[in-house]
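Every number in my numbering is 554 more than the matching position in the sequence shown, counting from 1. A short write-up of the structure that comes next.
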Amino acid sequence: MKKQKDCHHCEGKGYIDIRDCSGEIQREETCVFCGGTGQVIEEKEVKK
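Structure below.
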C-alpha cells in the first residue's frame, strides 16, 4: 500500500534553505529527498 505524505526534510516545500553561520539564507536548493516535489511515497507492508 502506497501513501503520499509531506517530505520530512523540506516540510513539503520542495526546497531547502542553505544558511550561513549567522543564520542568513544564502541560497535555496532542491530537496534531495523528494526531488523537489515536496511529497514522498511511503510504502507500508500489508499483513497477510
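Ideal Cβ placement from N, Cα and C applies to all residues, glycine included. Please read all numbers here as calculations on a predicted model, not as lab measurements.
Bridge-paired residues (DSSP) for residue i
i      : result
Asp560 : Gln593
Asp574 : Paired residue(s): none; Asp574 is not in a bridge.
Run of the beta strand (DSSP E) containing residue i, from where it starts to where it stops
i      : result
Glu565 : Neither: Glu565 is in no beta strand (DSSP E) and is coded neither H nor E.
Cutoff 6 Å; reference residue i; Cβ partners in own chain excluding five residues on either side
i      : result
Lys557 : Glu596
Asp560 : Gly566
Same chain, Cβ closer than 7 Å to residue i, five either side skipped, listed in chain order
i      : result
Lys567 : Gly592
Arg581 : Ile572
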